[in-house]
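Contents: one structure, followed by commentary.
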Amino acid sequence: MVRSGFIRLATGLACLLGLFAAPAQAQPDTEVDLALVIAVDISFSMDTDEQALQREGFAQAFRSKPVHDAIRGGMLGRIAVTYVEWAGSPDQKVIIPWTVLDNSESLMAFADRISSTPLRRAQRTSISSAIDFSVKLFDENGLNAARRVIDISGDGPNNQGRLVIEARDAAVAKGIIINGLPIMLRQPGYLDIPDLDIYYRDCVIGGQGAFTVPARERDQFIEAIKTKILLEVANLMPEQSLINRIQSPPRTNCMAGEMQWRDRWSN
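Residues -26 to -1, 1 to 241 (mature numbering (1 follows the signal peptide of the UniProt record, and there is no 0)) make up the sequence shown, in order.
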């Protein structure tokens, strides 16, 4: 009897510890304040230092007290998040599946999973395919979310797959919001475009309250990511536009990346 009691106690402790080992994966019909796809660019244009900073920024965001407080302040006090890496049109990969975050332990565990995933890189840049892939993740997750948001970050324009505006408009038609984090840490080079923030504003983001938070300085990159996640979780808009221009430039050519790629191979 004593031995069986110890076995039951040990089993119970193991189950209890298991609850804190990793955040719970989302179950069908779970109600959440927000379902968020974090879609991060891993194309070869992103150097390994940029990738490491990007990953650390998202990890720090989910460790931060303001984000924890914002989640608790929601109507239900929980969100669901999935972390996706993308590059060209055939290359999208779920790194962390849909996970419910509703307490500090689940948030810290989610951040640790982001930090511990090995870096990888792949060819081309297909923002449109990343959006389409993210939309399918919403369709398949079975969650009941008050808001559905795609958080897409990248350092270049779409140059593969269907037109980015077609993917954006299809997502927005389903009530999905797309926010952007254009990465502008270096001078535009080969196959880059100037004013990537304007390209993201005109061609990538969409939906009610959509916004961008550009990352222009390496030492501000992590803070830009943390700010963006906090705004999305808290359902807030930046106090003022984070795209600062003396005059409004003409609208961007949303086929700029495709044209660059075509010109590369036609010369």
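Don't be surprised by glycine CBs; every beta carbon is placed ideally from N, CA and C.
DSSP-derived helix/strand/coil call for D65 | coil
With 16 other CB atoms within 10 Å as the buried threshold, where does T22 fall?
-> exposed
When DSSP builds the beta bridges, which residues end up paired with A230?
-> None; A230 has no bridge partner.
Contact under 8 Å by Cβ, R87 with L8 | no
Going by the CB atoms, is the gap between G47 and I196 shorter than 8 Å?
-> no
Out of T73, V68, L204, which has the shortest C-alpha to C-alpha gap to V14?
-> V68
Proximity to V6 [Cα-Cα], best of A33, G183, W72 = W72
Nearest to A119 by alpha carbon, out of V74, R175, I179?
-> V74
Determine the contact status of residue 242 and Q97, defining contact as a CB-CB distance below 8 Å.
-> What is shown of the chain runs -26 to 241, which leaves residue 242 out entirely.
Give the single residue among P131, G183, A44 whose Cα lies nearest to the Cα of I152.
-> G183
Exposed or buried, E206, counting other C-beta atoms within 10 Å across all chains shown (16 or more means buried)?
-> buried
Verify whether the separation of the beta carbon atoms of I167 and A85 is less than 8 Å.
-> no
Which residues does DSSP pair with I150 in a beta bridge?
-> According to DSSP, I150 bridges with nothing at all.
Whole-angstrom C-beta distance between Y173 and P212, which should lie under 8 Å = Not confirmed; about 18 Å, so no contact.
Between which two residues does the alpha helix (DSSP H) containing V11 stretch?
-> That residue, V11, is in no alpha helix (DSSP H); its beta strand (DSSP E) goes 5 to 15.
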